[in-house]
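S.K.: First the structure, then my questions, so here it is.
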Amino acid sequence: MTEPYVVARGLGKAFDTRPVLENLSFAVEPGDIVGVLGENGAGKTTLLELILGYTPPSSGTVSVFGHESRRLPGAEKRRLGFVPQVDELVGHLTGAAHIALIRAFYTAWDDELVARLVRKWGIDETARVATMSVGQRQKLSIVLALGHRPDLLLLDEPVASLDPLARRHFLEEIVEIATDEDRAVVFSSHIVSDVERLANRIWIVRDGAFLWAGDADVLRTSVVRLHLRGCTVPVDRLALPDMLRFEPYANGCTAVLRDWQDEMETEIARESGGTLELERLTLEDIFLELHR
Amino acid sequence: MRSVAMLFWQSFTGTRLSRLLSGAGLVLLCVGCGTQLIVPSWTLGTGMNPGVAIWVQTLVLGAPWLALLALFLATSAQPRIIHGLVFGHAASTLPNVRRAALLGAIAVALAVALAAAVPAALFFIDYPVPIDLRAVFRRSFAIAFINFGLLYLAFWALACIRGIWFFVGPALILVAITVPAEFLNDRGPPLGWREVAGSTGWIAYAVLILAGDRIARRAARWRRGTGRRKARSAAPAASEPRAAVTLLLGADRPWIGAIAQAVPVAVALLLVPERGFALFGLVLFGLVVLCAVNSAQSVLAAPRSRALWLRTDASTAELFRRAERAFWAQSAWSLGTAVLILAGLVAANGYPAPLFLIGVALLALATAAGLYLGLSMTRGLPPIDASLAAAIMGLVVAATVIAVRHADFTPRLLACGAALLAAIAGLRLLARARWTALDWMRCRPPERA
């Protein structure tokens, strides 16, 4: 069995006395594509920076490739890639100079991949970064993070500045990376449809804690919307599982349930004496319901 | 080592300008060194050889200096590249990046120091008195290398930091320009206090590269902490409208300008050999220029006033009055500091009292000129405004030169002062008129695409 790339236990981070993340435990295995969702200020960036070792945890531990993330040896850093939310490129250098400079830090560099992405995304290598648009800079940052084909790729809202076409190309690349079983991707995004399309695991962060951390498929099947009609018993007497929302009306109700299991369907229909309609939710609906 | 080599290469060739400068520097270096080897009898300190044409002599002497200048300027962006690598997230992902950055910086400085030391030794190749060329080379090499530590640190401060530490850059450049001249003339033991002082530049640069981001983050945490404490202790004052106005207009930290003024003057007082009346002239000239520059920060007011306009129901005329008041309050700090320095200088050297009064009057005029110049520039810096600024500053400088030369209230000085006063009054009218027709779309230079 392969070792997880990232293991966090009781991870917490506070800025001065204000807690940002509290008591998080998780693991990222090879082959995982983890989508991190959350409101602004929920702690997504801090979570990625803790994994990266950019900032020390206030409590708990996080290890990457078996080493404490803050003390990652050079050989292991070669297996790590990161795209920050706001690019940190040097304004007066050209794109080509950036590629040459970053390439020199790695023993293995996929020139073909870099050349293909540069061509596909229309990055002008000869232009100075200061003259590039925000989207072009973001594309260059992504190319620089992918060039050494990292085993663990961390992306902090990587598509925020990309046009729809570049976003689609980027997602295709991530899918390609993910098809290699030995790689893992952790990315945060506000575009829930991208996360839905890409991620096989989802972390939803709210107020510094996980609202959900697990398989994307399980999340999609475990949160459902029920429409009960023609009930013969008062709906508030029904024993429904963990409810996120409950709207009763005459002889029926609409409820959003968490931890749903399919065998509950016949049980609830029998108990209520009415008809039951089950509605599967999109990830965006689930995200919104969990945040109500 | 590939990363060190690439950093070295990019430091010399990262931009079009640096490539141009590096190429020119190399050509000039080869020309300078080559001519020194080929054209015999260029003997520094023994006069010109009558058998060699003037242009050749100029080439022999000037080419290596220009080469050094070109090569150094070509690498002046190196601190910015290093900042990009060791500050921020790249330091957590790029393997051994801090070590590579430090080695790269040292390699670049060694290369440029070599370009300084080789021609320096060749200058003495035909010296009539036997001289140890290796000692000349070693000394020049060490001085250049030590000095580059200070200069790269200064460039880093100028390019990458803001706030009070931004002014460390000019002060370091001042030290780096002044100290080597004394080094070269010093015939004492090879390791004196200056060498040790110079080495601290490299030590500081190395600390920045190896641990700068951590220090910066701790400093930021500390600042946040003190900021909160201050906010708690001064909570009622922070909510006063005047505090909000100065904050929005960018005039909330007047002490930065005052310190930025005091530090270079203090350094100059330590290093400049002039004494007596010449020193007064020099200091007064420096203070007048610094007062004008400090108060000209009012140029920030126009683009920033939009935030104030959105938050209040003030008209643009009212905005002008508020900006004028805020920047006078800010400039008072630098003016007060300048007057204190001048008073100290007059008291310590026993200069006559009229001299002090002339100095104070000039400082006040320079402050007012700078302030209203800044306020009148509400549309970037078109050629007409640039010419106006140059003319006003020329008048300020002329008045200072006349004051220093005659050391009394001469008619010429009074005329110059009156002209300056009239110009200031005109500038105020112009500024007020422009503010009433303020167009915030035109306040900022066009953004780069």
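Sequence order for the protein chains is C and E.
Per my numbering, residue -18 is the first one in the first sequence, and the count goes up by one each step.
Per my numbering, residue 38 is the first one in the second sequence, and the count goes up by one each step.
By construction, the Cβ of each residue, glycine as well, lies at the ideal position given by its N, Cα and C atoms.
(1) Whether or not the stretch 185 to 192 of chain C and the stretch -14 to 3 of chain C are in contact is what I'm after, with contact meaning three or more pairs of Cβ atoms, one per stretch, closer than 8 Å; do they touch?
(2) Thinking C-alpha only, which one of E:T52, E:P132, E:R53 is nearest E:V41?
(3) Look at the alpha carbon of C:S253 and the alpha carbon of C:L209, and state the distance between them as a whole number of angstroms.
(4) Starting from the Cα of E:G283, find the closest Cα among E:A253, E:M43, E:S342, E:A390 and give me that residue.
(5) Please give the ranges of any alpha helix (DSSP H) in the stretch 328 to 361 of chain E, keeping only runs that are unbroken, at least 4 residues long and fully inside the region.
(6) Closest Cβ-Cβ distance between C:R52 and chain E: below 9 Å?
(7) Give me the Cα-Cα distance between C:L134 and C:L269, rounded to the nearest whole angstrom.
(8) Please report the distance separating the alpha-carbon of E:L467 from that of E:Q334.
(9) Assuming the contact rule is C-beta atoms closer than 8 Å, C:F86 and E:V134 should be a hit. Round their C-beta distance to whole Å, please.
(10) Touching or not, the stretch 76 to 93 of chain C and the stretch 132 to 148 of chain C, by the rule of three or more beta carbon pairs under 8 Å?
(11) Within 10 Å of its beta-carbon, does C:S114 have 16 or more other beta-carbons around it, so buried, or fewer, so exposed?
(12) Under 9 Å between C-beta atoms, does E:Q47 make it to chain C?
(13) List, in order along the chain, the chain C residues whose C-beta lies closer than 7 Å to that of E:A138?
(14) With distances taken Cα to Cα, identify the nearest neighbour of E:L187 among E:T50, E:I143, E:L451.
(15) Do C:Y(-14) and C:D132 count as a contact pair if the criterion is CB distance below 9 Å?
(16) Output, in chain order, the set of chain E residues within a Cβ distance shorter than 8 Å of C:F46.
(17) For chain E, is any of its Cβ atoms less than 9 Å away from the one on C:I183?
(18) Can you round the beta-carbon distance between C:D198 and C:P222 to whole angstroms, since I take them to be within the 8 Å contact cut?
(19) Taking only runs that begin and end inside the stretch 208 to 266 of chain C, name each unbroken beta strand (DSSP E) of 3 or more residues, in chain order.
(20) If the cut is a Cβ gap below 9 Å, which residues of chain C does E:T52 touch?
(21) Determine, using beta carbons only, whether E:R255 comes closer than 9 Å to chain C.
(22) Judging by CA-CA distance, which residue of C:K101, C:A180, C:A111, C:G128 is the nearest neighbour of C:D92?
(23) Which residue from C:K120, C:S40, C:G255 puts its Cα closest to that of C:V300?
(24) Which residues in chain A have a C-beta closer than 8 Å to the C-beta of E:I118? List them in chain order.
(25) Using C-beta distances below 6 Å, list every residue in its chain close to E:G407, excluding the 5 sequence neighbours before and after it, in chain order.
(26) Around the Cβ of C:V156, are there at least 16 other Cβ atoms within 10 angstroms (buried) or fewer (exposed)?
(27) I'd like to know if E:A128 contacts chain C, where contact means its C-beta is closer than 9 Å to some C-beta of that chain.
(28) In this structure, how does DSSP classify C:G313 when only helix, strand and coil are distinguished?
(29) Please list the terminal residues of the continuous alpha helix (DSSP H) segment that includes E:L63.
(30) Rounded C-beta distance between C:E153 and C:L264? I'm assuming under 8 Å.
(31) DSSP state of E:I168, grouped into three classes?
(32) Nearest chain E C-beta to C:G34 closer than 9 Å, yes or no?
(33) CA-CA distance, C:R201 and E:T112?
(34) Which residue from E:I183, E:D445, E:L58 puts its Cα closest to that of E:C388?
(35) Could you compute how far the alpha carbon of E:R487 sits from the alpha carbon of E:L63?
(36) Give me the residue from C:A(-11), C:S122, C:N21 with the minimum Cα distance to C:S6.
M.R.: Taking the structure as given:
(1) yes
(2) As a first step, residue 41 of chain E must be located in the second sequence, where it is residue number 4. Nearest C-alpha to E:V41: E:P132.
(3) As a first step, residue 253 of chain C is located in the first sequence; it is residue number 272 there, counting from the start. As a first step, residue 209 of chain C is located in the first sequence; it is residue number 228 there, counting from the start. About 8 Å.
(4) The residue labelled residue 283 of chain E in the question sits at position 246 within the second sequence. Note that residue 283 of chain E is Thr in the sequence shown, not Gly. Of E:A253, E:M43, E:S342, E:A390, the residue nearest in Cα terms is E:S342.
(5) 338 to 348
(6) Here residue 52 of chain C corresponds to residue number 71 of the first sequence, with the count starting at 1. No, C:R52 does not count as interfacial toward chain E.
(7) As a position in the first sequence, residue 134 of chain C is number 153, starting the count at 1. As a position in the first sequence, residue 269 of chain C is number 288, starting the count at 1. Whole-angstrom Cα-Cα distance: 27 Å.
(8) To locate residue 467 of chain E, count along the second sequence from 1; it is residue 430. To locate residue 334 of chain E, count along the second sequence from 1; it is residue 297. Computed Cα separation, rounded: 17 Å.
(9) Here residue 86 of chain C corresponds to residue number 105 of the first sequence, with the count starting at 1. Here residue 134 of chain E corresponds to residue number 97 of the second sequence, with the count starting at 1. With 8 Å as the limit, C:F86 and E:V134 qualify as a contact, their Cβ atoms being about 7 Å apart.
(10) no
(11) Within the first sequence, residue 114 of chain C is the residue found at index 133, counting from 1. Burial call: exposed.
(12) Against the second sequence, residue 47 of chain E aligns to sequence position 10. Judged by the 9 Å Cβ criterion, E:Q47 is in contact with chain C.
(13) Here the question's residue 138 of chain E lines up with position 101 in the second sequence. The premise fails here: E:A138 is roughly 11 Å from chain C at the closest Cβ pair, so nothing lies under 7 Å.
(14) Counting from one through the second sequence, the residue named residue 187 of chain E turns up at place 150. Closest option to E:L187, Cα to Cα, is E:I143.
(15) Numbered from 1 along the first sequence, position 151 holds the residue referred to as residue 132 of chain C. Numbered from 1 along the first sequence, position 5 holds the residue referred to as residue -14 of chain C. Yes. Within cutoff.
(16) Reading the first sequence from its first residue, position 65 is the one you call residue 46 of chain C. By Cβ distance, chain E contributes nothing, its closest Cβ being about 13 Å from C:F46, past 8 Å.
(17) Here residue 183 of chain C refers to the residue found at position 202 when the first sequence is read from its first residue. So no, C:I183 is outside the interface.
(18) As a working note, residue 198 of chain C is residue 217 in the first sequence. As a working note, residue 222 of chain C is residue 241 in the first sequence. So it is not a contact: roughly 19 Å between Cβ atoms.
(19) 224 to 230, 233 to 238, 256 to 261
(20) By one-based count along the second sequence, residue 52 of chain E stands at place 15. Those are H73, L74, T75, A78, R109, listed as they occur along chain C.
(21) Within the second sequence, numbered from 1, the residue matching residue 255 of chain E stands at position 218. By this cut-off, E:R255 is not an interface position.
(22) As a position in the first sequence, residue 92 of chain C is number 111, starting the count at 1. C:D92 has its Cα closest to that of C:G128, out of C:K101, C:A180, C:A111, C:G128.
(23) Chain C is shown only over -18 to 273; residue 300 of chain C falls outside these bounds and no answer can be derived.
(24) Considering every chain present, this structure includes no chain A. Its protein chains are C and E.
(25) Taking the first residue of the second sequence as 1, we reach residue 407 of chain E at position 370. Cβ neighbours of E:G407 beyond the five flanking positions: A329, S332, A333.
(26) Numbered from 1 along the first sequence, position 175 holds the residue referred to as residue 156 of chain C. Exposed, since its Cβ has fewer than 16 Cβ neighbours within 10 Å.
(27) Counting from 1 along the second sequence, the entry for residue 128 of chain E is found at position 91. Yes, contact with chain C.
(28) Shown here, chain C extends from -18 to 273; a query on residue 313 of chain C therefore has no answer.
(29) Numbered from its first residue, the second sequence carries residue 63 of chain E at position 26. Per DSSP, E:L63 belongs to the alpha helix (DSSP H) from 53 to 75.
(30) Locating residue 153 of chain C in the first sequence gives position 172, where the first residue counts as 1. Locating residue 264 of chain C in the first sequence gives position 283, where the first residue counts as 1. Not confirmed; about 20 Å, so no contact.
(31) Reading the second sequence from its first residue, position 131 is the one you call residue 168 of chain E. Here E:I168 sits in coil by DSSP.
(32) Locating residue 34 of chain C in the first sequence gives position 53, counting from the first residue. Answer yes: the Cβ-Cβ gap between C:G34 and chain E drops below 9 Å somewhere.
(33) For this step, residue 201 of chain C is matched to residue 220 along the first sequence. For this step, residue 112 of chain E is matched to residue 75 along the second sequence. Distance between the alpha carbons of C:R201 and E:T112: 56 Å.
(34) As a working note, residue 388 of chain E is residue 351 in the second sequence. It is worth fixing the name first, because residue 388 of chain E is Tyr in this sequence and not Cys. Of the listed residues, the one whose Cα sits closest to E:Y388 is E:D445.
(35) Nothing in the structure corresponds to residue 487 of chain E, since chain E is present only between 38 and 486.
(36) Numbered from its first residue, the first sequence carries residue 6 of chain C at position 25. When only C-alpha atoms are compared, the closest one is C:A(-11).
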